[in-house]
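The structure appears right after this line, and notes come after that.
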Amino acid sequence: MSEGRYSPASAHELLTTAKQFLTRLASLRLITLPGNIRDRRFRFNHSVASRIETFTVAEVRAALAAANDRTRLFILLCINCGMYQNDIAELRPDEVDWKAGVVTRRRSKTRERGGQVVSYKLWPETFALLKKLRAHGDLALETDEGNPLAKEWIEDGRYRKYDAVRSAWSRLAVKMGMKKGRLG
């Protein structure tokens with residue numbers, strides 16, 4: 002973090018993942034759990050309240066106008082359904098009523114804990130793009146290569162991650178000359 006390579010949230014996520022990995026290895030009796038694994042000195046203050054940046058209606062319209070169909074769909078799902086990147090990446094075909102244009106699901110974060118089920122009536126443009134870009138596998142949307150939109154894995158001992166939704170937004174931001182996530 003001090004070198005600027007990781008944000009507090011990313012550092013927290015990496016530390017949490019490492020702790021979970023070590024705890025799992027210990028539960029399998031492959032290692033002895035380090036005695037300081039839960040030491041409060043080894044944490045990151047990632048919950049620092051910061052100002053939430055919002056976009057004006059004109060900025061959203063400009064972004065939608067500049068976006069390709071896939072990025073436009075991602076933006077519309079965020080606005081129309083309050084979805085985060087992972088919600089979009091984990092949307093399953095059985096969570097979409099393909100006739101009525103309604104998404105009914107649990108948020109990805111609460112799916113495993115039996116969180117509340119919510120339904121969203123898709124706007125006509127959102128539904129049309131979702132039908133146009135629909136994948137025909139286990140996920141409603143995939144990359145052009147047929148892969149999930151987001152994935153995390155370990156390769157050669159290193160944590161790897163990709164997020165096609167974030168990448169699409171980043172490309173649009175560069176195209177539009179956004180600074181720090183903002184237009185203009």
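Numbering (the working numbering), first residue to last: 2 to 185.
All C-beta atoms in this analysis are idealised placements derived from N, C-alpha and C, irrespective of residue type, glycine included.
Nothing here was measured: the structure is a model prediction, and the numbers come from that model.
Note on geometry: alpha-carbon atoms of G138 and L92 lie some 11 angstroms from one another. Distance from I80 to V166 at the Cβ level is roughly 14 angstroms; contact not present, criterion being Cβ atoms closer than 8 angstroms. Contact annotation: A151 and K133 have beta-carbon atoms that are not nearer than 9 angstroms. Where S120 is concerned, the enclosing beta strand (DSSP E) starts and stops at V119 to K122. Scanning its chain for C-beta atoms nearer than 7 angstroms, with the 5 sequence neighbours on each side dropped, one finds around R108 the residues D88 and G116, in chain order.
Counting only the Cα atoms, W154 lies some 26 angstroms from I76. Annotation: the continuous beta strand (DSSP E) that includes E153 extends over A151 to E156.
For T105, DSSP records a beta bridge to S120. The beta carbon of L15 sits closer than 8 angstroms to those of Y7 and Y160, all from its chain and outside the five residues before and after it, given in chain order.
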